[in-house]
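First the structure, in the form of structure tokens, and then the observations on it.
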Amino acid sequence: MSLRLFAALSIPDHIAERLLPLMKGVGGAKWRPRENLHLTLRFFGELTEPVAEYLDSELEAATSHYKPFDLRLKGAGSFGGADPHALWIGAAQNESLTQLAAGCEKAARRVKLKSEPHKFTPHVTVAYLNNAALYRVQRFEQELALLETPVFRVESFGLYSSFTRKSAPSLYRLEAEYPLLG
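Quick note: the sequence shown uses my numbering, first residue 53, plus one each step.
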């Protein structure tokens, strides 16, 4: 059996409650439900159980020295350029977050996974798009360009499995949690 895995930060309820009312106004958007809001540190893909267990131990080893840190979500954007396929809320520049993502990448490399092809862009995906009008996507980005959430404390991250469902959003399950004890 294999698992589709990713490492992510959960979004606290008080922050998610600020995002949910903003998730509107773009036709063709499939808005993410509250339980799917997270900030991905590293997507690992389909892994067999033995590799997943190895990854679990490597994530723990690679990130055990990181300390808790404060984070704020900031701004909005989209992926896909002139043919956008996702809307996101970004994260403010944060060296601790960047280092934690690098630690997850290091763990992935130690279990012989391919390097992440894209530069780490910290974000919370809020919608996937299907034929959304570009002007509506741009308006969403402009309206939320100055968005800043209150600061929240990051004290752990998780290894999640993802189960794709045909006519519903993906289902995510926490497989392991890693406290930042540094």
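Ideal Cβ positions, reconstructed from N, Cα and C, are used throughout, including at glycine.
Computed from a predicted model, the values in this text were never measured in an experiment.
If you check the CB distance, Ala179 and Val78 come in under 8 Å. Counting C-beta pairs closer than 8 Å gives three or more between the segment 91-100 and the segment 165-175, which meets the contact rule. Residues of the same chain with a CB within less than 8 Å of the CB of Leu232, apart from the 5 flanking positions on each side, are Thr115, Tyr118, Lys119, Pro120, Phe121, Leu152, Val206, Glu207, Ser208 and Phe209 in chain order.
In the DSSP assignment, His117 falls outside any beta strand (DSSP E), carrying neither H nor E. Relative to Trp140, the option among Glu112, Thr100 and Trp83 whose CA is nearest is Trp83.
Here Leu57 is near Ser213, since their CB atoms are less than 8 Å apart.
If the five residues before and after Gly155 are omitted, its C-beta is found closer than 6 Å to the C-beta atoms of Ala114 and Thr115, all from its own chain and listed in chain order. His66 carries a helical assignment under DSSP once its states are collapsed to helix, strand and coil. At the C-beta level, Phe204 and Pro64 come within 8 Å of one another.
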